[in-house]
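Down below is the structure, laid out as structure tokens.
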Amino acid sequence: MTASTPTPSPTTNVPVSAAPAASATAPAAPLAPPAGRGTRFGPVALVISAGISVQFGAALAVMIMPRAGAAGVVTLRLAAAAIVLLLLCRPKVRGYSRSDWVTVLAFGVTMAGMNGLFYQAVDRIPLGPAVTLEVLGPLALSVIVSRRLVNLLWAGLALAGVVLLSSHGGGSGGGGFGFGALDPAGAAFALGAGAMWAAYIVFSARTGRRFPQADGLALAMAVAAVISLPLGVVEAGADLLVPSTLALGVGVAVLSSVLPYTLELLALRRLPAPTFAILMSLEPAIAATAGFLVLSQALSALDALAIALVIAASMGAVRSQSRKQPAA
């Protein structure tokens, strides 16, 4: 979790607005290895692994919401994740500039907002539609920050898959992913979570370059936990302290926060923000799989076609980025 990772190489194509230079006061990290085949595709594996972890964690969270409510689950997830990361990383709090602390505070606020809005969404609508709406945030980011036509084309293909996934009734017995009967508040919460997700991508990249290892993530997670704590206590109260609920909350924290956020932070040190954002198109496919295996939600032929489109878009984004990076 706390293994040292390289700083971004000079060839990383992250827009200036989304990735300022690392603070001179931050401790130095090891230099990046040559950009060979392994370093090109390593970050992609990190992102995909993070997506699998977070979606199965979300499915577990849906199962324990009757015990603690949406806000209670968010509090358990963020508080447990913060404790684990602080114990593992033991981050230093001295030697950073004011802009470093502003970045980590902004990262924490976006994490709290993203988690809070998302769990309010899945408390009202199924996991598949919630993630499909949420992923529109990263897709919009990829279009806004991309400076290459090919990235816009891949984003368009991914968006077509998301639209297809969301435009039909799908499945049987109400188990599909159509949006026709969605609760309006749930859909709005999911879209809000998508906007916060786009902000999360930007601030995660900034934090990864300003703080060594996962120190910035641990500090930001603590900020997010402090923000969510009052809401969780108000909604769940003493139910948060039930041993079985606490144990499940720790499981959600590891699957949905500790592991995926660490993997994504490491990936963003070497992966351009536009490519990362398009890779987020895989999230509806992963959520559909998690819903099928954990929550018994059915998949239709159109669901499978939509999943194929977003996977094709993600593969195309990775291949175009690999061709752009020079060989060692």
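Mapping the sequence shown onto the numbering used here, position 137 (from 1) lands on 141, and the numbers just tick up by one. Glycine is no exception: its CB is placed at the ideal position from the N, C-alpha and C atoms. As the structure is a computational prediction, the values presented were derived from the model and not from experiment.
So, is the C-beta of residue i closer than 9 Å to a C-beta in chain B?
i	result
L143	Considering every chain present, this structure includes no chain B. It has just one protein chain.
Is it right to say residue i is buried, meaning 16 or more other beta carbons lie within 10 angstroms of its own, or is it exposed?
i	result
A308	exposed
V106	exposed
S57	buried
G180	Its pLDDT being 49, under 50, G180 is placed unreliably in this model, and the coordinates cannot settle the point.
A49	exposed
G190	buried
A312	exposed
S146	buried
S103	exposed
A305	exposed
L80	buried
L336	The structure shown does not extend to residue 336, since the chain is modelled only from 5 through 332, so no value can be given for it.
P142	buried
P70	exposed
P264	buried
What's the C-alpha gap between residue i and residue j?
i	j	result
S318	G241	42 Å
L259	A292	17 Å
V66	G160	31 Å
P109	Y100	Note that residue 109 is Leu in the sequence shown here, rather than Pro. Rounded to whole angstroms, L109 to Y100 spans 13 Å at the Cα level.
Y123	V97	31 Å
V126	V149	29 Å
I315	V139	14 Å
S232	F215	24 Å
A222	L91	9 Å
D187	P133	11 Å
E239	L82	15 Å
I290	T136	10 Å
W158	V167	14 Å
V230	F111	13 Å
T266	L153	30 Å
V246	V237	13 Å
S248	A72	11 Å
L283	R94	31 Å
E287	I129	16 Å
L156	L250	43 Å
P276	D243	42 Å
V206	S261	17 Å
L252	Q217	27 Å
G320	A62	27 Å
A162	A203	20 Å
A192	A74	15 Å
For the alpha helix (DSSP H) that residue i lies in, which residues bound it at each end?
i	result
Y123	102 to 126
I231	219 to 240
R213	188 to 214
G255	247 to 257
P95	Looking at the DSSP string, P95 is not in any alpha helix (DSSP H), and its letter there is neither H nor E.
P133	131 to 138
Would you check whether the ligand GTP has a heavy atom nearer than 8 Å to the C-beta of residue i?
i	result
P70	Ligands are entirely absent from the displayed structure, and the ligand GTP is therefore not among its contents.
- Item | Those runs of the alpha helix (DSSP H) which lie wholly inside the stretch 261 to 290 and span at least 4 residues | Those alpha helix (DSSP H) runs which fall completely within the stretch 261 to 290 and span 4+ residues are 263 to 272, 277 to 283.
- Item | the stretch 104 to 122 / the stretch 195 to 215 touching (three or more Cβ pairs under 8 Å) | Here the stretch 104 to 122 lies against the stretch 195 to 215, with 3 or more beta-carbon pairs under 8 Å apart.
- Message: Does the stretch 82 to 92 come into contact with the stretch 217 to 236, if we say contact requires no fewer than three beta-carbon pairs (one atom in each stretch) closer than 8 Å?
- Response: They touch, by the three-pair rule.
- Query: Taking the runs of the alpha helix (DSSP H) that are 4 residues or longer, which of them lie wholly in the stretch 48 to 97?
  - Reply: As far as the stretch 48 to 97 is concerned, it has no whole alpha helix (DSSP H) run of at least 4 residues.
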